[in-house]
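A quick write-up on the structure given underneath.
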Amino acid sequence: MTWPWIALGNLVERADIPYGIVQPGHHEREGVPIVRVKDLTNGSISRSDPLRVAPAISRKHQRTVLKGGELLLSIVGSVGEAAVVPASLAGWNVARAIAVVRPTEVTADWVRYCLQIPSVRDSITSMLNTTVQATLNLSDLKRLEIPVPPCSARKAIAEVLGALDDKIAANARLTRSADELLSVTFQSLLHAGQYVPLSRLARFVNGRAFTKGATGTGRVVIRIAELNSGIGGSTVYNDLDVVDDHLARPGDLLFAWSGSLTVHRWFRPEGIVNQHIFKVIPDGVPIWVVKCALDQKLTDFKAIAADKATTMGHIQRRHLDEPVLVPDAAAMREHDPAMSALWQRALLAEQESLQL
13 MTWPWIALGN LVERADIPYG IVQPGHHERE GVPIVRVKDL TNGSISRSDP
63 LRVAPAISRK HQRTVLKGGE LLLSIVGSVG EAAVVPASLA GWNVARAIAV
113 VRPTEVTADW VRYCLQIPSV RDSITSMLNT TVQATLNLSD LKRLEIPVPP
163 CSARKAIAEV LGALDDKIAA NARLTRSADE LLSVTFQSLL HAGQYVPLSR
213 LARFVNGRAF TKGATGTGRV VIRIAELNSG IGGSTVYNDL DVVDDHLARP
263 GDLLFAWSGS LTVHRWFRPE GIVNQHIFKV IPDGVPIWVV KCALDQKLTD
313 FKAIAADKAT TMGHIQRRHL DEPVLVPDAA AMREHDPAMS ALWQRALLAE
363 QESLQL
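Numbering (this note's numbering), first residue to last: 13 to 368.
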């Protein structure tokens with residue numbers, strides 16, 4: 013069956029797709045929270061520690077004040093991240109790199125699903141301006157075409173996809189619970205712990221500049237953007253042959269030591285670890301011990317990075333020699349079966365959600 017494809021500009025309120033605040037200004041402790049690109053991940057909007065702006069600034073951008081039910085779409089950087097605004101975010105605003113889509117002929121959920129169609133994603137990629145960083149112009153977004161079948165067909169498709177979304181959300185909760193239990197149990201084991209240099213727990217293998225001469229095919233080159241936001245339109249692929257230490261496979265631990273300074277369990281297919289990221293290879297201890305030990309040091313590391321008089325904060329390898337408190341060997345052995353099972357269960361949930 014052939015369905016009509018209609019330009020997005022013909023499906024939205026007043027043919028208008030605005031973008032958000034150009035200059036957010038200084039962070040306001042009691043101001044209006046705004047959604048940034050980094051807050052859009054896997055179809056949801058993060059509410060943890062949002063940037064806030066003065067109410068007067070938000071009022072100057074009334075067209076993008078959220079009411080609930082809109083579709084937010086990233087149009088700069090990690091282009092293509094999309095999420096539907098829940099009613100609980102009414103009154104929030106958005107940053108410049110976010111477009112606010114208010115469909116009238118179809119639902120916001122339908123548009124979000126259509127944006128995941130490979131041919132639609134290819135269309136978005138072909139429209140990108142990459143002179144400085146990947147950018148999708150609003151005029152191009154308005155002419156982006158999506159399929160619009162009859163209402164009955166859209167409803168049936170949305171019901172199936174909604175069930176998958178519910179399962180993905182359940183998996184995300186399971187993953188968070190497993191990781192929280194890992195952290196809480198780890199902390200409970202430290203009463204008889206010991207201090208050791210972080211560098212004694214694992215090998216920290218720095219990635220390299222594997223985006224140079226990228227072929228556009230092969231394995232994903234894992235940059236900080238892929239760790240924070242997943243695979244997107246700006247993701248780089250390369251056919252390079254690299255040594256095992258520079259490959260990340262599902263279940264491997266990656267530590268971004270520059271910029272955002274975050275620790276991640278890689279759950280996507282095999283990729284190539286780019287510069288500014290350590291592949292963390294446990295040395296004689298379980299991987300959960302290394303992950304929890306790194307989490308303990310993150311606050312200190314971020315403080316070190318914040319003091320750097322550079323454009324991007326970072327730590328140095330010598331900082332990995334600083335001591336960190338870990339459980340003693342007996343406690344590790346006793347609790348490893350349960351803790352490793354939690355680690356593996358969280359990984360399987362992440363992989364299942366990726367497949368769904």
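Built from N, CA and C at the ideal position, the CB exists for glycine as well.
Taking the alpha-carbon of residue i as reference, which of the options has the nearest alpha-carbon?
| i | options | result |
| --- | --- | --- |
| residue 368 | 59, 128 and 40 | 128 |
| residue 286 | 350, 124, 330 and 233 | 233 |
| residue 318 | 353, 356, 288 and 272 | 272 |
| residue 260 | 251, 219 and 244 | 219 |
| residue 254 | 346, 41 and 284 | 284 |
| residue 250 | 258, 223 and 270 | 223 |
| residue 366 | 187, 105 and 210 | 187 |
| residue 40 | 66, 27, 58 and 59 | 66 |
| residue 43 | 106, 265 and 282 | 106 |
| residue 289 | 280, 221, 335 and 212 | 221 |
| residue 163 | 118, 189 and 278 | 118 |
| residue 280 | 244, 270 and 309 | 244 |
Taking the C-alpha atoms as reference points, what is the distance between residue i and residue j?
| i | j | result |
| --- | --- | --- |
| residue 49 | residue 342 | 44 Å |
| residue 311 | residue 326 | 13 Å |
| residue 228 | residue 340 | 46 Å |
| residue 79 | residue 132 | 27 Å |
| residue 102 | residue 123 | 20 Å |
| residue 231 | residue 201 | 39 Å |
| residue 348 | residue 171 | 41 Å |
| residue 108 | residue 185 | 30 Å |
| residue 247 | residue 203 | 44 Å |
| residue 332 | residue 91 | 34 Å |
| residue 16 | residue 167 | 16 Å |
| residue 147 | residue 240 | 18 Å |
| residue 144 | residue 236 | 18 Å |
| residue 169 | residue 14 | 15 Å |
| residue 267 | residue 316 | 15 Å |
| residue 183 | residue 313 | 30 Å |
| residue 212 | residue 174 | 46 Å |
| residue 76 | residue 150 | 14 Å |
| residue 297 | residue 87 | 43 Å |
| residue 363 | residue 141 | 32 Å |
| residue 329 | residue 70 | 42 Å |
| residue 350 | residue 361 | 17 Å |
Compute every distance between the C-beta of residue i and the non-hydrogen atoms of the ligand GDP, then say whether any falls below 7 Å.
| i | result |
| --- | --- |
| residue 256 | For the ligand GDP, the structure offers nothing, since it holds no ligand at all. |
Which partner residues does residue i have in the DSSP bridge list?
| i | result |
| --- | --- |
| residue 291 | 217 and 266 |
| residue 107 | 33 |
| residue 286 | 220 |
| residue 260 | 283 |
| residue 206 | 338 |
| residue 94 | 85 |
| residue 141 | 147 |
| residue 368 | The partner list for residue 368 (beta bridge, DSSP) is empty, contrary to what the question assumes. |
| residue 355 | For residue 355, which the question treats as bridged, DSSP gives no partner whatsoever. |
| residue 63 | 46 |
If contacts are defined as beta-carbon pairs under 8 Å, then residue i and residue j qualify, I think. What distance do you get, rounded to the angstrom?
| i | j | result |
| --- | --- | --- |
| residue 120 | residue 157 | With a Cβ gap of about 17 Å, residue 120 and residue 157 do not count as contacting. |
| residue 275 | residue 295 | No, residue 275 and residue 295 are not in contact; Cβ-Cβ is about 17 Å, not under 8 Å. |
| residue 95 | residue 55 | 5 Å |
| residue 292 | residue 214 | 5 Å |
| residue 263 | residue 359 | 5 Å |
| residue 47 | residue 84 | 6 Å |
| residue 20 | residue 154 | 6 Å |
| residue 24 | residue 116 | 6 Å |
| residue 45 | residue 62 | 4 Å |
| residue 354 | residue 205 | That pair is no contact at about 19 Å. |
| residue 299 | residue 252 | The pair is not a contact, with the Cβ atoms about 26 Å apart (cut-off 8 Å). |
Compare the C-beta of residue i with all C-beta atoms of chain B and state if any pair is closer than 8 Å.
| i | result |
| --- | --- |
| residue 36 | The structure shown contains no chain B; it holds only a single protein chain. |
Inset, instruction - Report yes or no: do three or more beta-carbon pairs, one from the stretch 105-121 and one from the stretch 25-41, lie closer than 8 Å? - result: Result yes; three or more Cβ-Cβ pairs closer than 8 Å.
Inset, instruction - Please confirm if the stretch 298-305 is in contact with the stretch 191-208, defined as three or more CB-CB distances below 8 Å between the two stretches. - result: Touching, yes, given that three or more Cβ pairs across the two stretches are closer than 8 Å.
Inset, instruction - Count the CB pairs spanning the stretch 162-179 and the stretch 136-147 that are closer than 8 Å, and state whether there are at least three. - result: The stretch 162-179, when compared against the stretch 136-147, does not touch it at the 8 Å Cβ threshold.
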